[in-house]
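Engineer:
There are 2 protein chains.
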Amino acid sequence: MNTAPTSQLDAIAALEDAGLRITGQRRQVIAAIQRRKGGFTAEELATELEGVGRATVYRTLKLLVGADVICKIVLPDGTPMYSPSRVEHHHHSVCTSCGAVEEFRDITVERVLRSLAREIDGDIIGHRMEFYIRCGACLAAAND
Amino acid sequence: MNTAPTSQLDAIAALEDAGLRITGQRRQVIAAIQRRKGGFTAEELATELEGVGRATVYRTLKLLVGADVICKIVLPDGTPMYSPSRVEHHHHSVCTSCGAVEEFRDITVERVLRSLAREIDGDIIGHRMEFYIRCGACLAAAND
DNA sequence: TCCTTAATGATACTGAGTCTCATAAGGTGG
DNA sequence: CCACCTTATGAGACTCAGTATCATTAAGGA
Ligand SMILES: [Mn+2]
Ligand SMILES: [Mn+2]
Ligand SMILES: [Zn+2]
Ligand SMILES: [Zn+2]
Chain A
0 MNTAPTSQLD AIAALEDAGL RITGQRRQVI AAIQRRKGGF TAEELATELE GVGRATVYRT
60 LKLLVGADVI CKIVLPDGTP MYSPSRVEHH HHSVCTSCGA VEEFRDITVE RVLRSLAREI
120 DGDIIGHRME FYIRCGACLA AAND
Chain B
0 MNTAPTSQLD AIAALEDAGL RITGQRRQVI AAIQRRKGGF TAEELATELE GVGRATVYRT
60 LKLLVGADVI CKIVLPDGTP MYSPSRVEHH HHSVCTSCGA VEEFRDITVE RVLRSLAREI
120 DGDIIGHRME FYIRCGACLA AAND
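Protein chains in written order, with numbering that gives the first Met the number 0: chain A, 0 to 143; chain B, 0 to 143.
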C-alpha cells in the first residue's frame, strides 16, 4: 500500500512509472494543479494555461486521474470537478456552494462496503460515495 | 415515510401533487418508462417516443426525478442513466456491461452515513453511493 | 546527436442538454 | 360545456464538455 502523490515530483514520477513522457505541458498542468487549494474544473485549467492546448489539458487530466494523482468528482448537477488526491483510497465531501473538496477515509465505511459486496449478485468493479455539504466556511459566511 | 411511486397511476399522482399538468406526452413518457425493465438513457426514450419532442422528454425526466418517480444515475465514465425508483431512499448497483440497475437499501449503510455526518465540518445536504458491478448474467454470458 | 515514437495544437466534430418563442393544449371557474 | 389563462410543447438553434483527426513537434533512449 503506497501513498498517493502529494508533490510535483511525485506526480511526475507517477507519470514516468506509467511509461509516459514528461513534457513541458504536463509539467505546466501539474504545477497549476498544485498551485490550487481545492477543486477545479478542466475548463478553468485550460483557460489559465494559455500556452497549453485545450485537448492536451483534458488528455493530461485523464492521465493524472488514472495515476491517482487527482480525483474526478461529479457534483449532483453533473458538473465534473477535479481535486488533488492526498489519500490512497478515499471518498469525498464537496461543498455545493463553494466547491471545497475534502477527502476522507473511514475504516467503517470500507467494512460496510465489503459486507454489501457479499449481498450483490455479481463482481464489484468499483464504487462511488460522495457527500454533498455546505461547508463550515459557507455556513459562517451566510450568518453575516 | 411514504412509499415511492411504483405504477403509472402513482407517477401521475406524483405529478399532480406537484401541481403539474397531466399531458399526453407526460403519460407517454411514464408509460415508456414503466414498460422497461432496467436502466435507460434519455436519448433512448426520445428515440422511442417519436410523437414526443426531445426537449419534452428531457423536461419530463427532470420532473420525474424531482418527484422521486425515477432516479438519475451516473456511470463512472459520466454516462447518465435513469431507472424507475421502487424504494424511498436507496442506493444503486449498476452493471457497467449491460446497464442493469439494482436498488438496495441497507440499514447499516445509513447508520454509517449518519456517524460520518458527525465528523464532517458543515451541513450534509445529500450523498451519493453507487456500486459498479459486472452482474451475474453478464458473468455467466462471458463464461460461454 | 539521431531516430523513433509519443505528444501536441488547431480545428472540426459529437452528443447531451438547454433556450427561445410561436403554437397548442390542460384544467379551472363560470 | 365553454372561455380563458396559464402551462406545456415542438422545432430548431445554440451552448458546453469532451473527443477525433492529422499534420507538426519534441521526448528521450540508443
Ligand atoms: Mn480525492
Ligand atoms: Mn433508484
Ligand atoms: Zn463551502
Ligand atoms: Zn450485466
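Note that beta-carbon positions come from the ideal geometry of N, C-alpha and C, so glycine has one too.
#1: Using beta-carbon positions only, say whether I132(B) and S92(B) come within less than 8 Å of one another.
#2: Taking a cut-off of 6 Å, which residues have a beta-carbon closer than that to any heavy atom of ligand 4, in chain order?
#3: For M0(A), which residues from the same chain have a beta carbon less than 8 Å from its beta carbon, with the 5 sequence-adjacent residues on both sides left out?
#4: Report buried or exposed for A10(B), applying the criterion of at least 16 other Cβ atoms within 10 angstroms of its Cβ.
#5: Identify the residues that DSSP records as bridge partners of K61(A): which are they?
#6: Pick helix, strand or coil for N1(B), following the three-state DSSP scheme.
#7: Skipping 5 residues on each side, what residues in its chain have a beta carbon closer than 6 Å to that of R147(A)?
#8: Consider the Cβ of I123(B): report whether some Cβ of chain A lies at a distance smaller than 8 Å.
#9: Would DSSP call R85(A) helix, strand or coil?
#10: By alpha-carbon positions, which one of V51(A), T59(A), L74(A), G23(A) ends up nearest to P79(B)?
#11: Could you tell me whether the Cβ of C134(B) comes closer than 8 Å to any Cβ of chain A?
#12: Hey, D105(B) and S84(B) are a contact pair by Cβ (cut 8 Å); roughly how many whole angstroms apart?
#13: Which residue comes first and which comes last in the alpha helix (DSSP H) that contains I106(A)?
#14: If you draw a straight line from the C-alpha of R117(A) to the C-alpha of A31(A), how long is it?
#15: Take Y57(A) and list the residues in its own chain whose beta-carbon comes closer than 7 Å to its own, dropping the five residues that flank it on each side.
#16: Listing by chain order, which chain B residues have their CB less than 7 Å from the CB of D105(A)?
#17: Just the Cα atoms here: how many angstroms apart are E15(A) and I69(A)?
#18: In chain order, what residues of the segment 51–76 of chain B put their CB closer than 7 Å to some CB of chain A?
#19: Could you tell me which chain A residues have their CB closer than 8 Å to the CB of H126(B), listed as they occur along the chain?
#20: Any beta carbon of chain B sitting closer than 8 Å to that of C94(A)?
#21: Taking only beta-carbon atoms, is V111(A) less than 8 Å away from chain B?
#22: What are the complete alpha helix (DSSP H) segments, minimum 4 residues, inside the segment 10–79 of chain A?
#23: In chain order, what residues of the same chain lie with their CB nearer than 8 Å to the CB of I72(B), ignoring the 5 residues before and after it?
#24: Less than 8 Å separating the beta-carbons of Q7(B) and Q27(B)?
Structural biologist: Taking the geometry as given:
#1: The residue given as residue 132(B) occupies position 133 in the second sequence. The residue given as residue 92(B) occupies position 93 in the second sequence. Against a cut-off of 8 Å, the Cβ pair of S92(B) and I132(B) comes out as a contact.
#2: C94(B), S96(B), C97(B), A99(B), C134(B), A136(B), C137(B)
#3: One-based indexing of the first sequence puts residue 0(A) at position 1. Residue confidence is low: M0(A) scores 43 on pLDDT, short of 50, so the model does not pin down where it sits. Its coordinate-derived value is still stated next. If we look at M0(A) and ignore the five residues flanking it on each side, its Cβ neighbours are E87.
#4: Here the question's residue 10(B) lines up with position 11 in the second sequence. Buried, because 16 or more other Cβ atoms sit within 10 Å of the Cβ of A10(B).
#5: Here residue 61(A) refers to the residue found at position 62 when the first sequence is read from its first residue. Per DSSP, none; premise fails for K61(A).
#6: Working through the second sequence from its first residue, we reach residue 1(B) at position 2. Confidence is the limiting factor: at N1(B) the pLDDT is only 46, short of 50, which leaves the residue's position unreliable and the question unanswerable from this model.
#7: Residue 147(A) lies beyond the stretch modelled for chain A, which goes from 0 to 143, so this question has no answer here.
#8: For the purposes of this step, residue 123(B) is taken as residue 124 along the second sequence, with counting starting at 1. With 8 Å as the cut-off, I123(B) counts as an interface residue toward chain A.
#9: Along the first sequence, one-based indexing puts residue 85(A) at 86. In this structure, R85(A) counts as coil in the three-state DSSP scheme.
#10: The residue given as residue 79(B) occupies position 80 in the second sequence. Of the listed residues, the one whose Cα sits closest to P79(B) is L74(A).
#11: Taking the second sequence and counting its residues from 1, one reaches residue 134(B) at position 135. It does: the Cβ of C134(B) has a partner Cβ on chain A nearer than 8 Å.
#12: Against the second sequence, residue 105(B) aligns to sequence position 106. Against the second sequence, residue 84(B) aligns to sequence position 85. Wrong, their Cβ atoms sit about 16 Å apart, outside the cutoff.
#13: One-based indexing of the first sequence puts residue 106(A) at position 107. Here the alpha helix (DSSP H) through I106(A) covers 106–118.
#14: Walking along the first sequence from the start, residue 117(A) turns up at place 118. Walking along the first sequence from the start, residue 31(A) turns up at place 32. Cα to Cα, R117(A) sits roughly 42 Å from A31(A).
#15: Within the first sequence, the letter at position 58 stands for residue 57(A). Hits under 7 Å: A41.
#16: In the first sequence, the residue the question calls residue 105(A) occupies position 106. Going along chain B in sequence order, the residues near D105(A) (Cβ under 7 Å) are L115.
#17: As a first step, residue 15(A) is located in the first sequence; it is residue number 16 there, counting from the start. As a first step, residue 69(A) is located in the first sequence; it is residue number 70 there, counting from the start. Each residue's Cα considered, the two are about 16 Å apart.
#18: V73, P75
#19: Locating residue 126(B) in the second sequence gives position 127, counting from the first residue. Simply M128, E129, F130, Y131.
#20: Here residue 94(A) corresponds to residue number 95 of the first sequence, with the count starting at 1. True, the Cβ-Cβ gap to chain B drops below 8 Å.
#21: Sequence index remark: in the first sequence, residue 111(A) carries index 112 (1-based). Cβ-Cβ to chain B under 8 Å: yes for V111(A).
#22: 23–34, 41–47, 53–65
#23: Position 73 of the second sequence, counted from the start, is the residue given in the question as residue 72(B). Hits under 8 Å: G38, P79, M80, Y81, S82, H91, V93, V100, E129.
#24: Position 8 of the second sequence, counted from the start, is the residue given in the question as residue 7(B). Position 28 of the second sequence, counted from the start, is the residue given in the question as residue 27(B). Contact flag unset, no.
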